[in-house]
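Note that the UniProt record's numbering has the sequence shown beginning at 1, numbered continuously upward. Worksheet: one structure, shown below.
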Amino acid sequence: MEVIKQPQGLEESVQGRRIGYLGPQETYSYQAALQYVAEGKAEFVPCNTLEDVCRSVLAGNCTEGILPIENLLEGSVNQVLDLLLENPRLTIQGEILLTISHCLLVSGGSQADIKTVLSHPQALGQCRQYLAKHLPQAKQVAVESTALAAQQVLEAGQVGLAAIAPLSAAQKYGLKVLAENIQDQPHNCTRFVVVGTEQVPWGKGSYKTSLAVTGLDRPGTLHSILKEFAWQGINLTRIESRPAKTFLGEYVFYIDLAGHRCQPEVAEALQRVAEQNRGLRIFGSYPACSQGPRLEQAPPEDTLPSLRLDIDLIDRQLIQLLGKRLRLAQRIGDSEKQREQQVLESVRLLASQQGLAPDVVEEMYRLLLNYSGQT
């Protein structure tokens, strides 16, 4: 099974290390665990469900757990997103990218005999086209893992029962391989995360931070979140929304970004997002996996026209923000006038932090405040 390059330091030996994964052996989670820590350098602990993986880590029975979080074909594993959100002590400490190649396994007989196909729901979804074309009449039954499907086919010993599982499961359970690489996309890949209870410190190399934001029920919530990261020049590598399961219309935004939460620009953006929204949950900052070689592209040139366009965009944004501030001040009324000195002190401090002349910024705000009082 091919593995896409892992960050350095994943195979360091740690005494007493116990890695929980969705069992039994030969699941894709098990394969990911073997790539995270070499065999013999940790004890691998099979768990019956993904919830059990999390419970084992939280109870201290495992030092780390392996969870599938995102697949190229089926998207995010919603159950894992829920588990991360529901368990604040869980922290993402690493990620693993694993190439997924599904096989159709039986204990005997031919493809024409198959009446039922067992597998994990994600695997069934990833082989949707193959099943529709070659086994349209077969019943699809979801089980907890791909390896468990293979194990159940072996134990049943029935012609007509098949499993979708990795090739290694066929070898372990002595099953016949009827077809290989049956997934809908030949370059299928699943991203796994490593969870523990300790934060990963900021060090050398590339990092990724995963988080969830519960926005306020108001227009422009997503735009206001994205704006904070854009202003700090932070690249978002993944963003999606899911219902918050509290009120109809309230959503949680799941975000992956390039950088560590301790980097100044990331920390500032996260603070701003936290201040402006209902809730912020940082799942963790961790070493980012390399996704293999990419075509090198020359960085964009800072030509005079492009710089002028950037300045024009900032000017428009400033005018929009000033207009919004004026309207808010008018709604507050006289109480805003009483807060004038506090506002001026605050903007002087902010100006100093951004390398601007505090006196100049204060004078600009005095004009703005005077104008607000006259309208």
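Even for Gly, the Cβ is constructed at its ideal location relative to N, Cα and C.
With a 10 Å radius around its C-beta and 16 neighbouring C-beta atoms as the bar for buried, classify residue i as buried or exposed.
i           : result
His-223     : exposed
Thr-27      : buried
Glu-311     : Looking at the sequence shown, residue 311 is not Glu but Ile. When all chains shown are included, Ile-311 counts as exposed.
Lys-115     : exposed
Gln-126     : buried
Thr-209     : buried
Val-360     : exposed
Pro-46      : buried
residue 376 : Only positions 1 to 375 of the chain appear in this structure, which leaves residue 376 out of reach.
Gly-355     : exposed
His-187     : exposed
Ser-346     : exposed
Ala-149     : buried
Measure the beta-carbon distance from residue i to residue j and round it to whole angstroms, keeping in mind my assumption that it falls under 8 Å.
i       : j       : result
Gly-108 : Ser-56  : With 8 Å as the limit, Gly-108 and Ser-56 do not qualify as a contact, their Cβ atoms being about 36 Å apart.
Ile-182 : Leu-124 : About 11 Å; that fails the 8 Å criterion.
His-134 : Gln-111 : 7 Å
Leu-81  : Tyr-254 : 6 Å
Ser-145 : Leu-22  : 5 Å
Pull up the distance between the alpha-carbon of residue i and that of residue j, whole angstroms please.
i           : j       : result
Pro-24      : Gly-284 : 28 Å
Leu-58      : Glu-51  : 11 Å
Leu-85      : Lys-176 : 40 Å
Gly-60      : Gln-122 : 28 Å
Leu-328     : Ile-282 : 31 Å
Val-194     : Leu-321 : 41 Å
residue 404 : Val-252 : The requested residue 404 does not occur in the structure, where the chain is confined to residues 1 to 375.
Gly-203     : Gly-259 : 11 Å
Gly-279     : Val-213 : 6 Å
Leu-34      : Leu-98  : 11 Å
Val-106     : Lys-227 : 53 Å
Glu-43      : Cys-54  : 16 Å
Arg-261     : Phe-229 : 12 Å
Ser-206     : Leu-313 : 31 Å
Val-141     : Leu-350 : 59 Å
Ile-319     : Leu-368 : 12 Å
Glu-198     : Arg-17  : 14 Å
Ala-269     : Leu-73  : 31 Å
Leu-275     : Lys-172 : Checking the displayed sequence, the identity of residue 275 turns out to be Glu instead of Leu. When rounded, the distance between both Cα atoms is 53 Å.
Arg-128     : Thr-237 : 27 Å
Which stretch, first to last residue, makes up the beta strand (DSSP E) that contains residue i?
i       : result
Val-117 : 116–119
Asn-71  : 64–71
Gln-140 : 139–142
Leu-105 : 103–106
Pull up the DSSP beta-bridge partners for residue i, would you.
i       : result
Ala-274 : DSSP lists no partner for Ala-274.
Glu-228 : None, per the DSSP bridge assignment.
Ser-346 : In DSSP, Ser-346 forms no bridge with anything.
Phe-44  : Ile-19
Phe-253 : Val-213 and Ser-241
Glu-95  : Val-193
Ile-281 : First, the amino acid is wrong: residue 281 is Arg here, not Ile. Looking at the DSSP assignment, Arg-281 forms a beta bridge with Ala-212.
Val-177 : Leu-105
Check whether chain C comes within 7 Å of residue i, counting only Cβ atoms and requiring the distance to be less than that.
i      : result
Tyr-30 : Of the chains in the structure shown, none is chain C; there is only one protein chain.
Name the two residues that bound the continuous alpha helix (DSSP H) containing residue i.
i       : result
Ala-149 : 146–156
Arg-128 : 128–134
Asp-82  : 78–86
Lys-172 : 167–173
Val-53  : 50–58
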